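Under the numbering used here, read the sequence shown as residues 326 to 606, first letter to last.
For each residue, glycine too, the CB sits at the ideal point set by N, CA and C.
These figures come from a predicted structure and were not determined experimentally.
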Amino acid sequence: MADGEAIMMVDDDNGEAFDAPVRVDATVDPNIENLVVNLDGYEGPLDVLLDLARSQKVDIRKISMVALVDQYLAFVEEVKKRNLELAADYLVMAAWLAYLKSKLLLPAHDDDSDEPTADEMAARLAFQLQRLEAMRDVVQKLQHLPRLGINVFPRGMPEGVRVTRTPEWQADFYDLLRAYTTQRIASVDRDYHIDPPKVYSIEMARLRLERMLGSIPEWTELTQLTNVHDVDAPATSIVASALNAALEFAKDGRMDLRQLGAFEPIYVKSLTPDEKSENND
C-alpha cells in the first residue's frame, strides 16, 4: 500500500470481498499532514490503522471510539479550510473503524427480521463508496477534456448550414380542376400591348448642355452634368443622351471631349472663342 492511500475491504462470511478504495494523498499539498491518532494500543496514521484492522493485525476492540472521534474533529477543524475532500475521506475511514468494532462486539444471531445483516450493510456501504469513487473519476476526466478557445479553436471561416428542401405536393380533385382552368384561361389569345420604355431624349440632353456651355471652363466629368432629378428616366438613358449631345457640340466646335483610356471617364469642357479660332485654323 502506497503512502497516504488506503484500500478498504470487508470480508463477509462467504469469502466475498467488497473493495472501496479511498484516496488520501497528502503529497498534493505539503501543508496538509495525515491524520495521526493516539489511541490505546495504537499510535499512527488513521489509514494504516484501518488497513491493520481489516487484516486483523490490530485488536480494534481495545480502541476507544470516543477518543478517535475527538481526535478526528480536531483534525477536521484544521484541514477543512484547505482540503475538504481529505477530511471527508478520513470521515469514511473513521466510520469503517466504528463499523468493524461494532461487528466484533455485537453477537451474531439469525432471525427473520427485515433489518439488513452486517454483511448486507457492508456490501451497500462498499457499493456507495465505489460509486462515489467512480463519480470522482468522471469529474476528473471531464475537467481534463479539451476546452474550446483554450485547447481547441474553431475554424476562422465556418461553413454555412446547407438546407435541402424536398417539396411534397398534395392536391385533391378540386385543386386539379382549378389548375386546369387557370392554364386554359392563360392560353386564350389576348391583345398584347407593350408600353414604350422611358428614355431621356437627345433633344432634352442637348438643351441642357447648351445652357451649361458657358459654365464649363475646365475639364469636367460628363456624369457630373447628368444629375437630373426631375426626369423619370433611367440613369443609363440620361448618360447616353448626354454623350450623344456632347459629340454633336464637339462636331460643331463648341465643346471639347477627352478620354484617357478605354472604359475611362469622359471629360468635357466649353471652348473659348480663341480656342475655336485655333481649331478652325
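The continuous beta strand (DSSP E) containing I591 extends over residues 591-595. Listed in chain order, the non-local C-beta contacts of K523 below 8 Å within the same chain comprise D557, A558, P559, S562, local neighbours out to five positions each way being set aside. Here the stretch 540-547 lies against the stretch 581-594, with 3 or more beta-carbon pairs under 8 Å apart.
Between the C-alpha atoms of A399 and A392 there is a straight-line separation of about 11 Å. In the structure shown, T551 falls within a coil segment according to DSSP collapsed to helix, strand and coil. Around the beta-carbon of A420, fewer than 16 other beta-carbon atoms lie within 10 Å, marking it exposed.
Between S526 and S566 the beta-carbon gap is near 6 Å, inside 8 Å, which marks them as a contact.
Judged by DSSP secondary structure, D500 falls within the alpha helix (DSSP H) whose first and last residues are 498-511. Residues I527 of the same chain have their beta carbon placed closer than 6 Å to that of N569, with the five preceding and five following residues left out of the count. A Cβ-Cβ separation of about 6 Å places A571 in contact with L582 under the 8 Å criterion.
By DSSP's assignment, T545 forms a beta bridge with V593. Only exposed fits T507, as fewer than 16 other CB atoms lie within 10 angstroms of its CB.
Spatial neighbours of A575 in its own chain (CB-CB distance under 6 Å, excluding positions within 5 residues in sequence) are listed in chain order as L582. Under the DSSP definition of a beta bridge, Q584 partners with I591. About 7 Å separates the beta carbons of R531 and E573, which is inside the 8 Å limit, making them a contact pair. In this structure, T597 is the residue among V564, T597, A587 with its C-alpha nearest to the C-alpha of G578. Scanning the stretch 455-485 for uninterrupted beta strand (DSSP E) segments of 3 residues or longer gives nothing; none is fully contained.
In the DSSP assignment, E573 falls within the alpha helix (DSSP H) that extends over 560-576. Rounded to whole angstroms, the separation of the alpha carbons of E493 and A511 is 25 Å. The residues V556, S566, in chain order, have a CB closer than 8 Å to that of M529 in the same chain once the five nearest residues on each side in sequence are set aside. By the 16-neighbour rule on beta-carbons within 10 angstroms, P521 is exposed. R579: not part of any alpha helix (DSSP H); DSSP gives it neither H nor E. When DSSP states are grouped into helix, strand and coil, R533 belongs to the helix group. Per DSSP, reduced to three states, the secondary structure at I519 is coil, with no helix or strand assignment.
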